[in-house]
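Since the structure comes first, as structure tokens, the remarks are kept for the end.
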Amino acid sequence: MIGYVLIESLAVAALVVVLVCAVVRPFGRAEAWFAVPAAAVVIVAGALPLAEVEEEAARLGPVIGFLAAVLVLAKLCDDEGLFHACGTWMARWARHRPRRLLGSVFALASLITAALSLDATVVLLTPVVFATAARMGARPAPHVYASGHLSNTASLLLPVSNLTNLLAFAATGLSFTRFALLMLLPWLVAIAVEYGVFRWFFAADLDAPAAATDADEPPELPLFALVTVCATLVGFGVASAVGIDPAWAAAAGAAVMAVRALSRRHVTPAGIVRATHWPFLLFVLCLGIIVRAVVDNGLGVALAHVLPDGSSLPALLGTAALAALLANLINNLPAVLALIPLAAPSGPGAVLAVLLGVNIGPNLTYTGSLATLLWRRIAQQHDHDVRLREFTVLGLLTTPAALFGATVALWVGLRGLGV
Numbered sequence: 001m002i003g004y005v006l007i008e009s010l011a012v013a014a015l016v017v018v019l020v021c022a023v024v025r026p027f028g029r030a031e032a033w034f035a036v037p038a039a040a041v042v043i044v045a046g047a048l049p050l051a052e053v054e055e056e057a058a059r060l061g062p063v064i065g066f067l068a069a070v071l072v073l074a075k076l077c078d079d080e081g082l083f084h085a086c087g088t089w090m091a092r093w094a095r096h097r098p099r100r101l102l103g104s105v106f107a108l109a110s111l112i113t114a115a116l117s118l119d120a121t122v123v124l125l126t127p128v129v130f131a132t133a134a135r136m137g138a139r140p141a142p143h144v145y146a147s148g149h150l151s152n153t154a155s156l157l158l159p160v161s162n163l164t165n166l167l168a169f170a171a172t173g174l175s176f177t178r179f180a181l182l183m184l185l186p187w188l189v190a191i192a193v194e195y196g197v198f199r200w201f202f203a204a205d206l207d208a209p210a211a212a213t214d215a216d217e218p219p220e221l222p223l224f225a226l227v228t229v230c231a232t233l234v235g236f237g238v239a240s241a242v243g244i245d246p247a248w249a250a251a252a253g254a255a256v257m258a259v260r261a262l263s264r265r266h267v268t269p270a271g272i273v274r275a276t277h278w279p280f281l282l283f284v285l286c287l288g289i290i291v292r293a294v295v296d297n298g299l300g301v302a303l304a305h306v307l308p309d310g311s312s313l314p315a316l317l318g319t320a321a322l323a324a325l326l327a328n329l330i331n332n333l334p335a336v337l338a339l340i341p342l343a344a345p346s347g348p349g350a351v352l353a354v355l356l357g358v359n360i361g362p363n364l365t366y367t368g369s370l371a372t373l374l375w376r377r378i379a380q381q382h383d384h385d386v387r388l389r390e391f392t393v394l395g396l397l398t399t400p401a402a403l404f405g406a407t408v409a410l411w412v413g414l415r416g417l418g419v
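Be aware that the sequence shown starts at 1, since it is given in the UniProt record's numbering, and climbs by one per residue.
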């Protein structure tokens, strides 16, 4: 008994250390610097048998490969000027009116998050939003907060939109297309709720006059990058329909962009490797191992007692709320890793309700998702002070309403499609 308690405590301590270091990043080190030794300690201590370590690595391997391909695709699209073109389009569409700029940021952030993952929105679009607001002379807060919130909320639509989706996709037993159909209405509802609250909450900023600092740029659309992204998205659906892992479509899209960039000497092989953000991928693998150890040594039993069964509306609302709470307590990646195996027996509806919780819920606290932490760091690099009170109040106004509306929409979709 004492040995079991010690092992359970060790696994929990390892998880806490890894999450704290991911937030604080001591000495400026990447998350993997702390996750790798923590996972090694968990394995050596016997908190997770080697057979289960191999099983977890095999489960996460394709997901991590998929994520690497999407990250490369997004980075090479940025190098081609796709995100700069997005900024130019936003400025021209807004016509120096902040409310129109907010609408264009919502539209682009939602589409980019859905197609190229939330990392593309946080890392590549957020700096463009800052530059566009500055060029217009608009106050940046509403538009910058929009890119941060939508990197979470708008990641509901496709399996590729968020690492949490990739982790849960296989557990749903759904095809790529059916997953997207079920999540379309929750995606639209959650974004609509966010947009309505933003227009009210930031009314003073949006009504302030904007003084443009330079002339509008003529739009230059990088057709090759845009066509490649569209073809990759079509490839996801086709691959899933014929029984091929959609990761191959992601790899194909990344390969096409990589060959073009290498042939034109716009990037080096080392640059492509860096674009995979391999330390983060290693962190995800180690985090998965640590969370598996925590779940197997007590957390799974505790969560099983409180997780609702079935896919009725009350059960879905309870599941989504529990997932959101857990995401804000221990971050959304550990939350989805812990909850998906428990929700899967109740069917795809329960798994998708978990995704609603872990994708929308993190807008409530800084630590809810790694994307939010990264967004805050980028905002600070642009000398924008993200105030805790403002962030929290905005989260309280948007998160519960968006989560409730999206969950009801999911229930409607499940009934409509007979799932």
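Note that beta-carbon positions come from the ideal geometry of N, C-alpha and C, so glycine has one too. All values reported here derive from a predicted model rather than from experimental measurement.
Query: C-alpha gap between Thr268 and Ala74, whole angstroms; Result: 16 Å
Query: Continuous alpha helix (DSSP H) stretch holding His305: start and end; Result: Gly300 to Val306
Query: For Asp309, the three-state DSSP class (helix, strand or coil); Result: coil
Query: Span separating the alpha-carbon of Phe179 from that of Val242; Result: 15 Å
Query: Short Cβ contact (9 Å threshold) for Phe202 with Leu287; Result: no
Query: Nearest to Val144 (by Cα), restricted to the options Asn162, Pro159, Val160 and Val123; Result: Val123
Query: Through-space distance from Leu182 to Ser110, alpha-carbon basis; Result: 17 Å
Query: Cβ-based burial, Asp383 [other Cβ within 10 Å; buried from 16]; Result: exposed
Query: Within 9 Å, strictly: CB atoms of Ala379 and Leu355; Result: no
Query: Asp383 - DSSP class collapsed to helix/strand/coil; Result: coil
Query: Spatial distance of Arg274 from Pro314 (CA atoms); Result: 45 Å
Query: Proximity to Ser151 [Cα-Cα], best of Leu108, Ala131 and Ala171; Result: Leu108
Query: Under 9 Å between C-beta atoms of residue 461 and Ala131; Result: No answer is possible for residue 461: it lies beyond the span of the chain, which begins at 1 and ends at 419.
Query: Close Cβ partners of Leu174 (< 6 Å) along its chain, the five nearest in sequence each way excluded; Result: Pro348
Query: Residue closest to Gly361, alpha-carbon to alpha-carbon, out of Arg387, Val41 and Gly405; Result: Gly405
Query: Burial state of Glu31 (16 or more Cβ within 10 Å); Result: buried
Query: C-beta contact flag for Leu166 and Leu15 at 9 Å; Result: no
Query: Status (buried if at least 16 other CB within 10 Å, exposed otherwise) for Pro140; Result: buried
Query: Three-pair Cβ contact test at 8 Å for the region 291–298 versus the region 259–267; Result: no
Query: Contact under 9 Å by Cβ, Leu71 with Thr276; Result: yes
Query: DSSP state of Phe241 mapped onto helix, strand, coil; Result: Note that residue 241 corresponds to Ala in the displayed sequence, not to Phe. Three-state DSSP puts Ala241 in a helix.
Query: Environment of Glu56 [buried if 16+ CB atoms lie within 10 Å]; Result: buried
Query: Alpha-carbon to alpha-carbon, Ala91 and Ala133; Result: 8 Å
Query: Val160 in three-state terms, based on DSSP; Result: coil
Query: Cα-Cα separation between Pro159 and Val234, rounded to whole angstroms; Result: 13 Å
Query: Anticipated Cβ contact below 8 Å, Leu48 with Arg292, distance rounded; Result: 6 Å
Query: Same chain, Cβ closer than 6 Å to Phe236, neighbours up to 5 away in sequence not counted; Result: Phe176, Pro246 and Ala249
Query: Range of the contiguous alpha helix (DSSP H) that encloses Glu55; Result: Leu50 to Asp79
Query: Burial state of Glu80 (16 or more Cβ within 10 Å); Result: buried
Query: Cβ neighbours of Leu417 in the same chain (closer than 8 Å, five flanking residues each side left out); Result: Arg178, Leu181 and Leu182
Query: Straight-line Cα distance separating Glu8 from Trp187; Result: 37 Å
Query: Cβ pair Ala401, Val197 closer than 9 Å; Result: yes
Query: Pro308 versus Ala13, Trp278 and Ser346, residue with shortest Cα-Cα distance; Result: Ser346
Query: Leu221 (DSSP reduced to helix, strand or coil); Result: coil
Query: From Val23, Trp33, Val42 and Arg29, residue whose alpha carbon lies closest to that of Phe13; Result: Note on residue identity: the sequence assigns Ala, not Phe, to residue 13. Answer by Cα proximity: Val42.
Query: Under the three-state DSSP convention, the category Leu174 falls into; Result: coil
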